[in-house]
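Read in order, the letters of the sequence shown correspond to residues -19 to -1, 1 to 401 in mature numbering (1 follows the signal peptide of the UniProt record, and there is no 0).
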Amino acid sequence: MRKFWFALLLLVISTSLMATTLNVLMEDVPETHIIKKLLPEFEASTGIKVNFEIVQYGDMHAKLVPQLLSPNCQYDLLQVDNYWAGEFSAAGWLEPLEKYVERDGFDISVYLPSMLNMVGYYNGTLYMIPMYNYAMGLIYRKDVLEDPEIQNMYRRKYGKEIAIPRSLDEYVELCKFIQENTNLYGSAMQAQRGDPIVMEWSNYLFSSGGDYYDEKWHSIINNEKGIKATQLYIDLLKHGAPKGALSFNLDDAYRIMSQGKAFSMISYNWMVAQLNDPEKSRIAGKVALEPMPGGVGLNGGWGWAIPRNAPDKEASWKFIKWVESFKVAKQRALLGGAPTRFDIFTDEDVVKAFPYYPKIMWLVMTAKPVPEFQYSSQMIEITGRELSLAATGEKSISKALDTIAKELDKLSKLAKLWKK
């Protein structure tokens, strides 16, 4: 009888251990590796093991959707891009989080409203807890603008002082000048077909006063503002960027910038910490951040979510509470992470380590996300395809934007958002 009870005890223990392993699919970005460094603290205090499956962004959606459709998801916790927030929420794949928040007194008022609206709520229901932001802005080299020789050349050519560009026209002009007159590329661009070109180009669209849809969900991407934004983008791509930029993704653009081969890039604010790290960059200490020329950049972010078909939702929620606690959120920020909370952006120690973080908070609060609805992924795919065709000259800008507008109208009608 003792042997029976001992065997039963072993079975219970082994089953318990299996049930407390959280599997999470994560993007291969600095924030993921920062959190991974901190995992031993969570594992030691809870007894819950955490397994990060780290992959490139382009592989994530295809890996997640089949799991979310299956009876049992192999992932206990999700990292949800704002591109997918509408799709995943509308499909019923995510667990509503209000009951957990209310039960445990989890304070969501500390999050920036722009983050909660983007990767928190969908149609009034809380499905995600903001994880990190990737609001975009102008990342540039201070030493280039401060170089007396470059200043003199610029003054002779334009009859004015070189300065941080405040409009898209000024930015394109400056990048082309630097590429023509120095051994640097003007801008390390990421114009690869699909998500990379859309994310970069959206900054140009928003800073030109354009948008994907109007308030009635009619696509306006092909109006004069969209045309101007695309003209400027392709002009810079041809005359102020590396020749291979049409095939560049984020990693390629970062490599060019970190090697000291470019003056600037329109990219994610958290790149500044990476570029100023002497272990990762040849231009450490020379990099600064400014708002997108024109004033409005692309807002983006990720949120933590629990799949509806997750095997152990309580363990998943326990991890979210830990990783989003003030203590851990502050640790992440001090390691170069991208905060989503007011109290982290304004924390004395964080601001001392990264004096530009209040500027990032302003970027996150004022930047604009792409439209979020159940067909956002298809919207990005269509836009990326047509922009790529325009950039290579296979289509005129007007024809490419007309095609995008036509197909985006179909998506908003399919989603029953389009109004007469």
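Think of the CB as a built atom: it goes at the ideal place given N, C-alpha and C, for glycine as much as any other residue.
Length of the line joining the Cα atoms of residue i and residue j
i: Leu119; j: Leu149; result: 11 angstroms
i: Leu49; j: Asn290; result: 7 angstroms
i: Ala396; j: Phe354; result: 8 angstroms
i: Ile143; j: Met246; result: 17 angstroms
i: Pro320; j: Arg137; result: 43 angstroms
i: Asp390; j: Trp251; result: 34 angstroms
i: Val309; j: Lys387; result: 46 angstroms
i: Gly282; j: Val304; result: 16 angstroms
i: Ile131; j: Gln160; result: 11 angstroms
i: Ile201; j: Tyr214; result: 18 angstroms
i: Tyr356; j: Val125; result: 42 angstroms
i: Met96; j: Ala286; result: 14 angstroms
i: Phe229; j: Ser26; result: 42 angstroms
i: Leu(-11); j: Ser183; result: Model confidence at Leu(-11) stands at a pLDDT of 49, short of 50, so the residue's coordinates are unreliable and nothing is read from them.
i: Tyr108; j: Glu79; result: 8 angstroms
i: Ile237; j: Arg84; result: 48 angstroms
i: Gln37; j: Val46; result: 16 angstroms
i: Trp343; j: Val331; result: 15 angstroms
i: Gln212; j: Gly191; result: 13 angstroms
i: Phe326; j: Lys376; result: 44 angstroms
i: Asn114; j: Glu12; result: 10 angstroms
Exposed unless 16 or more other CB atoms sit within 10 angstroms - verdict on residue i
i: Leu3; result: buried
i: Lys299; result: buried
i: Pro177; result: buried
i: Thr364; result: buried
i: Phe(-14); result: With a pLDDT of 49 at Phe(-14), under the threshold of 50, the predicted position of this residue should be treated as unreliable, and no value is reported.
i: Arg263; result: exposed
i: Arg122; result: buried
i: Ile301; result: buried
i: Phe(-16); result: Its pLDDT being 48, under 50, Phe(-16) is placed unreliably in this model, and the value from its coordinates should be taken loosely. By the neighbour-count rule (16 or more Cβ atoms within 10 Å), Phe(-16) is not buried but exposed.
i: Arg313; result: buried
i: Ile378; result: buried
i: Gly207; result: buried
i: Glu127; result: exposed
i: Glu295; result: exposed
i: Ser297; result: buried
Beta carbon of residue i nearer than 8 angstroms to that of residue j
i: Val100; j: Gly278; result: no
i: Ala210; j: Leu186; result: yes
i: Val315; j: Lys242; result: In the sequence on display, residue 315 carries Leu and not Val. No, the pair does not count as a contact, with Cβ atoms beyond the cut-off.
i: Lys30; j: Thr1; result: yes
i: Pro77; j: Thr106; result: yes
i: Arg174; j: Ser369; result: yes
i: Gln55; j: Val5; result: no
i: Ile110; j: Gly317; result: no
i: Asp57; j: Asp293; result: yes
i: Ala381; j: Met117; result: no
i: Ser189; j: Pro274; result: no
i: Ala222; j: Ser168; result: yes
i: Val91; j: Asp328; result: no
i: Tyr103; j: Ser70; result: yes
Bridge partners - residue i, DSSP secondary structure assignment
i: Tyr38; result: Looking at the DSSP assignment, Tyr38 forms no beta bridge with any residue, so it has no partner.
i: Thr2; result: Lys30
i: Tyr135; result: Tyr135 is not bridged to any residue.
i: Ala243; result: Tyr166
i: Asp62; result: Trp283
i: Ala269; result: Tyr121
i: Ser248; result: Gly118
i: Leu75; result: Pro288
i: Tyr113; result: Trp283
Three-way DSSP call (helix, strand, coil) for residue i in this model
i: Ala291; result: coil
i: Leu231; result: helix
i: Asn184; result: helix
i: Tyr193; result: coil
i: Arg322; result: strand
i: residue 405; result: Past the boundaries of the shown model lies residue 405; the chain is included only from -19 to 401, so the question cannot be answered.
i: Tyr108; result: coil
i: Leu256; result: helix
i: Ser358; result: helix
i: Lys401; result: coil
i: Leu93; result: coil
i: Leu316; result: coil
i: Tyr103; result: strand
i: Ser200; result: strand
i: Tyr56; result: coil
i: Lys299; result: helix
i: Leu(-12); result: Any reading at Leu(-12) is ruled out, since the residue's pLDDT is 46, under 50, leaving its predicted position unreliable.
i: Lys206; result: helix
i: Lys349; result: strand
i: Tyr337; result: coil
i: Lys219; result: helix
i: Arg84; result: helix
Neighbour flag for residue i against chain D, beta carbons, 8 angstroms
i: Gly318; result: Considering every chain present, this structure includes no chain D. It has just one protein chain.
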